[in-house]
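S.K.: Taken in order, these protein sequences are the chains called R and S. Per the numbering used here, the first sequence starts with residue 1, numbered consecutively. Per the numbering used here, the second sequence starts with residue 1001, numbered consecutively.
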Amino acid sequence: MLKPKELTKVLEQANTGGFQCTLLLNPEGSLMAFAGKCDKKENITAAVAANIWMSNAKSAKSAFQDEGLQYIVMDCEDGKVAIRRVANLLLCVYTAESVGLGMLRAKVEALARYLEEPLKQIASP
Amino acid sequence: MKKKVLLMGKSGSGKTSMRSIIFANYIARDTRRLGATIDVEHSHVRFLGNLVLNLWDCGGQEIFMENYFTTQRDNVFRNVEVLIYVFDVESREVEKDMHYYQSCLEAILQNSPGAKVFCLIHKMDLIPEDQRKMIFDKREAELMKRSLPLECTCFKTSIWDETLYKASAWSNIVHLLIPNVHQLESSLSNFATILDADEVLLFERATFLVIAHSVKRPHTDIHRFEKISNIVKQFKLSCSKLQAQFQSMEVRNSCFAAFIDFFTPNTYVMVIMSDPTIPSAATLVNIRNARKHFEKIERLESGLPVPTTAPRI
Ligand SMILES: Nc1nc2c(ncn2[C@@H]2O[C@H](COP(=O)(O)OP(=O)(O)O)[C@@H](O)[C@H]2O)c(=O)[nH]1
Ligand SMILES: [Mg+2]
């Protein structure tokens, strides 16, 4: 079972040092949990993130034969975004411009590793 | 094994109307369209998996009565889990009604001694409000005495009183028919805590009566269950007019979200969440994951494999 409040607390811990918002969504783009200042756009962000993931996952499948898509990192005008698969959900993080790509990757990796096992148990279709 | 619920009472006492409202999604004003029951009604309405509701008219048509109590006796009164006997509160033939009731009890005692007995003092809306309690108490005392050695539970009912008597008597009856209801209730309470829900309800699938609930944040409207049952049943009725089956719904505004979803083979679940920051998908995943657990309880309870045919809705 998923304890929504606990999950939010875990996601909240990532939101320091320029990390603005952390979301967990399913591949259909529905939000499962989120933490941070999302300006009430968390649902839209989730839908867009899932869409970007899905379209890239398709091309990744043909490009890297044995491995699926692991990561998407985007360096945008106003900040940076990372999307990563966790269990069969997606973790999406966005940060201020000032955050370095290495830091972004390290944090997302740590969070994903922490969530992987517990989420595997709840999110099987 | 199929078990029977007998719904008996004099013709005109209101059985068909009640059956129609509780099981078949009629609304009260439509019952005036129903024809009088001429033959014995065999409406096989299934609920709670293995219970089948049978309607029998007692009295009025002497030939049928003779039949029940002589040649058909074993057939009618065997394997009875519940007898629900309906009394028209305005009946002018109280002694005769009582006589038929006692004949039924006698047959029950012989053929299904373990059956539970409920008496419904029906059409209470016809009695002025200030006399309802007094009249009901008197009837109840009389019925208890006359039912011995069997025990009976009495309810006042009316199809015209939305909140007071209509669903609550039947909710009580269905509730009493669920073995191990406490395990169900404690599981429901755990479920509500994990979800961080205000309230979680379990509805019986065929009737949409509330069979168990867990309240974490109190609500002021004590009639909300009956109201919700009515709303959902009406909605189901509209669905069936379009040849669609009701599956689930989500209602949300800025203060709360309500989810109603197909749950186990015998139930629907309703979850009320008042924290707007918890996304729907999280609650839906939890409902889906809880299904297996509640299905297991249901199977244990009935001691039966899950029914393969869905109850008629
Ligand atoms: N006032 C009142 N009339 C009722 C109530 N329930 C049923 N009736 C009416 O009683 C009549 C006989 O009902 P019916 O269901 O056919 O009785 P049955 O012969 O026992 O099946 C119908 O006209 C119903 O509308 C009730 O609670 N209050
Ligand atoms: Mg009838």
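Built from N, CA and C at the ideal position, the CB exists for glycine as well.
Report whether the distance from the Cβ of K1292/S to the nearest heavy atom of ligand 1 is below 7 Å.
M.R.: On the second sequence, residue 1292/S is found 292 positions in, with the first residue counted as 1. Checking every heavy atom of ligand 1 against the Cβ of K1292/S, none is found closer than 7 Å.
S.K.: For I1278/S, which three-state DSSP category applies?
M.R.: Translated into the one-based positions of the second sequence, residue 1278/S becomes position 278. In this structure, I1278/S counts as coil in the three-state DSSP scheme.
S.K.: Identify the contact partners of N1286/S in chain R, using a Cβ-Cβ distance below 7 Å as the criterion.
M.R.: In the second sequence, counting from the first residue as 1, residue 1286/S sits at position 286. Near N1286/S (Cβ distances below 7 Å), the residues of chain R are M1 and L2.
S.K.: Closer than 7 Å: is that where the CB of N1120/S sits relative to any heavy atom of ligand 1?
M.R.: Here residue 1120/S corresponds to residue number 120 of the second sequence, with the count starting at 1. Here the sequence assigns Leu to residue 1120/S, which means Asn is not the residue at that position. No, Cβ of L1120/S sits at least 7 Å from all heavy atoms of ligand 1.
S.K.: Write down every uninterrupted run of the alpha helix (DSSP H) in the stretch 1201 to 1241 of chain S whose length is 4 residues or greater and which is fully enclosed by it, in chain order.
M.R.: List check, alpha helix (DSSP H) in window: 1224 to 1241.
S.K.: Rounded to the nearest angstrom, what separates I1121/S and I1135/S at their Cα positions?
M.R.: By one-based count along the second sequence, residue 1121/S stands at place 121. By one-based count along the second sequence, residue 1135/S stands at place 135. Distance between the alpha carbons of I1121/S and I1135/S: 10 Å.
S.K.: List the DSSP bridge partners of L1006/S.
M.R.: Here residue 1006/S refers to the residue found at position 6 of the second sequence. L1006/S pairs with N1054/S and L1083/S.
S.K.: Mind checking if I1127/S is an interface residue toward chain R, Cβ cutoff 8 Å exclusive?
M.R.: Position 127 of the second sequence, counting from 1, holds the residue named residue 1127/S. Not an interface residue.
S.K.: Buried or exposed, going by whether 16 or more other CB atoms sit within 10 Å of the CB of P1314/S?
M.R.: This structure does not reach residue 1314/S, given that chain S is present from 1001 up to 1313, and the question cannot be answered.
S.K.: So, at 7 Å on beta carbons, what are the nonlocal neighbours of L25/R in its own chain, with the 5 sequence-adjacent residues on each side left out?
M.R.: Residue mapping note: residue 25/R aligns to position 25 of the first sequence, counting from 1. Correct list, in chain order: L31, M32, A46, A49, A50, L89, L90 and C92.
S.K.: Count the other C-beta atoms from every protein chain shown that fall within 10 angstroms of the C-beta of A1169/S, then say buried if there are 16 or more, exposed otherwise.
M.R.: The residue labelled residue 1169/S in the question sits at position 169 within the second sequence. The residue is buried, with at least 16 neighbouring Cβ atoms inside 10 Å.
S.K.: Kindly provide the ranges of any beta strand (DSSP E) runs that are 3 or more residues long and lie completely inside the stretch 10 to 84 of chain R, ordered along the chain.
M.R.: Here the runs fully enclosed are 19 to 25, 31 to 36 and 71 to 75.
S.K.: Is any beta-carbon of chain S found at less than 8 Å from that of Q13/R?
M.R.: Walking along the first sequence from the start, residue 13/R turns up at place 13. Closer than 8 Å: no.
S.K.: Between the C-alpha atoms of V1200/S and V1005/S, what's the straight-line distance to the nearest angstrom?
M.R.: Position 200 of the second sequence holds residue 1200/S. Position 5 of the second sequence holds residue 1005/S. The straight-line gap from Cα to Cα measures roughly 28 Å.
S.K.: Give me the Cβ distance between E1204/S and L1007/S, rounded to the nearest whole Å; I'm assuming they're in contact under 8 Å.
M.R.: By 1-based counting over the second sequence, the position of residue 1204/S is 204. By 1-based counting over the second sequence, the position of residue 1007/S is 7. Actually they are not in contact, since the Cβ atoms of E1204/S and L1007/S sit about 16 Å apart, beyond 8 Å.
S.K.: Mind checking whether the beta-carbon of K1156/S lies closer than 7 Å to any heavy atom of ligand 1?
M.R.: Taking the second sequence and counting its residues from 1, the one referred to as residue 1156/S is at position 156. It does not: the Cβ of K1156/S is nowhere closer than 7 Å to a heavy atom of ligand 1.
S.K.: Could you tell me if the beta carbon of W1160/S falls within a distance shorter than 7 Å of some heavy atom in ligand 1?
M.R.: For the purposes of this step, residue 1160/S is identified with residue 160 of the second sequence, where counting begins at 1. Yes, ligand 1 has a heavy atom inside 7 Å of this Cβ.
S.K.: Decide yes or no for the touch test of the stretch 1232 to 1242 of chain S against the stretch 1170 to 1187 of chain S: beta carbon pairs closer than 8 Å, at least 3 of them.
M.R.: No contact exists between the stretch 1232 to 1242 of chain S and the stretch 1170 to 1187 of chain S.
S.K.: Does DSSP put L2/R in a helix, in a strand, or in coil?
M.R.: Reading the first sequence from its first residue, position 2 is the one you call residue 2/R. Looking at L2/R - three-state DSSP - the assignment turns out to be coil, as it is neither helix nor strand.
S.K.: Going by alpha carbons, who is nearest to S1186/S out of L1202/S, V1174/S, G1114/S and N1172/S?
M.R.: Counting from one through the second sequence, the residue named residue 1186/S turns up at place 186. The option with the nearest alpha carbon to S1186/S is L1202/S.
S.K.: Please report the straight-line C-alpha distance between S1274/S and D1137/S, rounded to a whole angstrom.
M.R.: The count along the second sequence starts at 1 and reaches residue 1274/S at position 274. The count along the second sequence starts at 1 and reaches residue 1137/S at position 137. If I take the Cα positions, the gap works out to 41 Å.
S.K.: So, does the stretch 1098 to 1118 of chain S touch the stretch 1074 to 1090 of chain S, judging by three or more C-beta pairs under 8 Å?
M.R.: Because the criterion of three Cβ pairs below 8 Å is met, the stretch 1098 to 1118 of chain S and the stretch 1074 to 1090 of chain S touch.
S.K.: For D1088/S, name the three-state secondary structure that DSSP assigns.
M.R.: If you number the second sequence from 1, residue 1088/S lands on position 88. Three-state result, D1088/S: strand.
S.K.: Q121/R to N1286/S, Cα distance in whole Å?
M.R.: Mapped onto the first sequence, residue 121/R falls at position 121. Mapped onto the second sequence, residue 1286/S falls at position 286. Those two C-alpha atoms are separated by around 11 Å.
S.K.: If you count every other CB in all the chains shown that lies within 10 Å of the CB of V99/R, and 16 or more means buried, which is it?
M.R.: As a working mapping, residue 99/R is identified with position 99 in the first sequence. By the neighbour-count rule (16 or more Cβ atoms within 10 Å), V99/R is buried.
S.K.: Of all Cβ atoms in chain R, is any one closer than 8 Å to the Cβ of D1198/S?
M.R.: Numbered from 1 along the second sequence, position 198 holds the residue referred to as residue 1198/S. Not closer than 8 Å to any Cβ of chain R, the Cβ of D1198/S fails to qualify, so no.
S.K.: Rounded to whole angstroms, what's the CA-CA distance from I1021/S to I1159/S? Just pull it up for me.
M.R.: Locating residue 1021/S in the second sequence gives position 21, counting from the first residue. Locating residue 1159/S in the second sequence gives position 159, counting from the first residue. Looking at the two C-alpha atoms, the distance is approximately 8 Å.
S.K.: Do A57/R and G68/R come within 8 Å of each other at the CB atom, strictly closer than that value?
M.R.: Translated into the one-based positions of the first sequence, residue 68/R becomes position 68. Translated into the one-based positions of the first sequence, residue 57/R becomes position 57. Closer than 8 Å, so yes.
S.K.: Using a 10 Å radius around the Cβ and a threshold of 16 neighbouring Cβ atoms, would you call C21/R buried or exposed?
M.R.: One-based indexing of the first sequence puts residue 21/R at position 21. Flag for C21/R reads buried.
S.K.: Which value, in whole angstroms, describes the spacing of the CA atoms of K41/R and V1052/S?
M.R.: Sequence index remark: in the first sequence, residue 41/R carries index 41 (1-based). Sequence index remark: in the second sequence, residue 1052/S carries index 52 (1-based). Near 51 Å, if we compare the C-alpha coordinates of V1052/S and K41/R.
S.K.: Express the C-alpha separation of Q1102/S and P1149/S in angstroms, rounding to a whole number.
M.R.: Looking up residue 1149/S in the second sequence gives position 149. Looking up residue 1102/S in the second sequence gives position 102. Those two C-alpha atoms are separated by around 11 Å.
S.K.: Check distances from the C-beta atoms of the stretch 45 to 58 of chain R to those of chain S and list, in chain order, the residues that come in under 9 Å.
M.R.: Within the stretch 45 to 58 of chain R, the qualifying residues are A46.
S.K.: Using the three-state DSSP reduction, which class does A1257/S fall into: helix, strand or coil?
M.R.: Walking along the second sequence from the start, residue 1257/S turns up at place 257. A1257/S falls in the strand class under three-state DSSP.
S.K.: How would you write the range of the alpha helix (DSSP H) that L89/R sits in, first residue to last?
M.R.: In the first sequence, residue 89/R corresponds to position 89, counting from 1. Looking at the DSSP string, L89/R is not in any alpha helix (DSSP H); the run it does join, the beta strand (DSSP E), is L89 to A96.
S.K.: Would DSSP call I1272/S helix, strand or coil?
M.R.: What you label residue 1272/S is simply residue 272 of the second sequence in a count that begins at 1. Looking at I1272/S - three-state DSSP - the assignment turns out to be strand.
S.K.: Distance check for K1227/S and T1016/S, CA to CA, integer angstroms please.
M.R.: As a first step, residue 1016/S must be located in the second sequence, where it is residue number 16. As a first step, residue 1227/S must be located in the second sequence, where it is residue number 227. About 22 Å.
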